[in-house]
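FYI, my numbering numbers position 13 of the sequence shown as 14, with every residue one higher than the one before it.
Heads up, the beta-carbon is just placed ideally off N, CA and C, and yes, glycines get one too.
Have a look at the structure below, then the notes.
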Amino acid sequence: MEIKVIAEASTKLQRLFVGWGVSFLVNNDILFDTFSTPDTLKHNLSKQGVKISSFKHLVISHDHWDHTGGVRVVLYNNPGIKVYLCPGFSNEFRNIVTQYNCRIIDCRVFTEIRDNIYTTGEICGTYNGKTIFEQLLVIKNNDGLSVITGCAHPGIISILKRIKEYFDNYPVKLLLGGFHLHNKTATEILCTIDSLKNMGIETVAPCHCTGKLACGLFKEKFRENFIGINTGSIINVNI
């Protein structure tokens, strides 16, 4: 199974010219987040040979602008698409979604999207002193789990503990996405890396809000088990 990085932006220069955020495509029909700008999303889909009308499932990690900017264009081009939301998402965002002919699925708990692909359901955290609700994607195979995160606002370690508990301590083979460490010190980042290693995380592919410093430290500590992520990257996972 392929995980395609449709859009990823993590630098100030990218934020100025192309936008900010992430969007991943799983199994060719599950879109996870929609980046910050619809034009960039459409351009990148076309460049990667993906039809914008080919999605059956849309999963939104959390309702921040850098993950929901392309929602309208996705919903418009995919009538009847299943949209997976956290119950705590804002009414403002829900009103956008309900304008289109789609099926909303509120994910309060772990929810299976299709065979061996799950959303974690709603996980509560804080961001800038406010409550935030977020969900992640989990792919299960015979060897372990692949976890995809948008921003991990509730804390990547606590999130992974919850995932491992649900899947009976199944090993996490891949951790991909934004870890929200861009505002952390080197000491704090290294503490997180140590915790991830102690949890048995095998391969990491940080991007977006993880931050330049953190990505550098992850590369140093995980070595050959570090994957650099850019728009257009493809990661293959067994299922």
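Minimum Cβ-Cβ distance from residue i to chain B less than 9 Å
| i | result |
| --- | --- |
| residue 87 | Annotation note: the requested chain B is absent from the structure, which comprises a single protein chain. |
Alpha carbon of residue i to alpha carbon of residue j, nearest angstrom
| i | j | result |
| --- | --- | --- |
| residue 58 | residue 172 | 26 Å |
| residue 180 | residue 8 | 16 Å |
| residue 46 | residue 141 | 26 Å |
| residue 17 | residue 184 | With a pLDDT of 47 at residue 17, under the threshold of 50, the modelled position of that residue is not reliable, and no figure is offered here. |
| residue 6 | residue 77 | 21 Å |
| residue 176 | residue 238 | 12 Å |
| residue 174 | residue 145 | 6 Å |
| residue 167 | residue 139 | 11 Å |
| residue 226 | residue 160 | 21 Å |
| residue 193 | residue 152 | 15 Å |
| residue 80 | residue 117 | 25 Å |
| residue 223 | residue 131 | 33 Å |
For residue i, the three-state DSSP class (helix, strand or coil)
| i | result |
| --- | --- |
| residue 99 | helix |
| residue 108 | coil |
| residue 8 | strand |
| residue 162 | helix |
| residue 193 | helix |
| residue 39 | helix |
| residue 199 | helix |
Contact check, residue i vs residue j, beta carbons under 9 Å
| i | j | result |
| --- | --- | --- |
| residue 236 | residue 206 | yes |
| residue 133 | residue 63 | yes |
| residue 149 | residue 178 | yes |
| residue 111 | residue 101 | no |
| residue 43 | residue 31 | no |
| residue 197 | residue 164 | no |
| residue 200 | residue 158 | yes |
| residue 11 | residue 211 | yes |
Cβ-based neighbour list, residue i, same chain, cut-off 7 Å, excluding 5 preceding and 5 following
| i | result |
| --- | --- |
| residue 39 | 70, 71, 73, 74 |
| residue 233 | 6, 49 |
Spatial neighbours of residue i in its chain, beta-carbon cut-off 8 Å, leaving aside the 5 residues before and after
| i | result |
| --- | --- |
| residue 154 | 63, 126, 127, 128, 133, 135, 181 |
Closer than 8 Å is the cut-off here; do at least three beta carbon pairs connect the stretch 104-111 with the stretch 78-95? yes
Meets three-Cβ-pair contact criterion under 8 Å: the stretch 182-200 and the stretch 123-132: no
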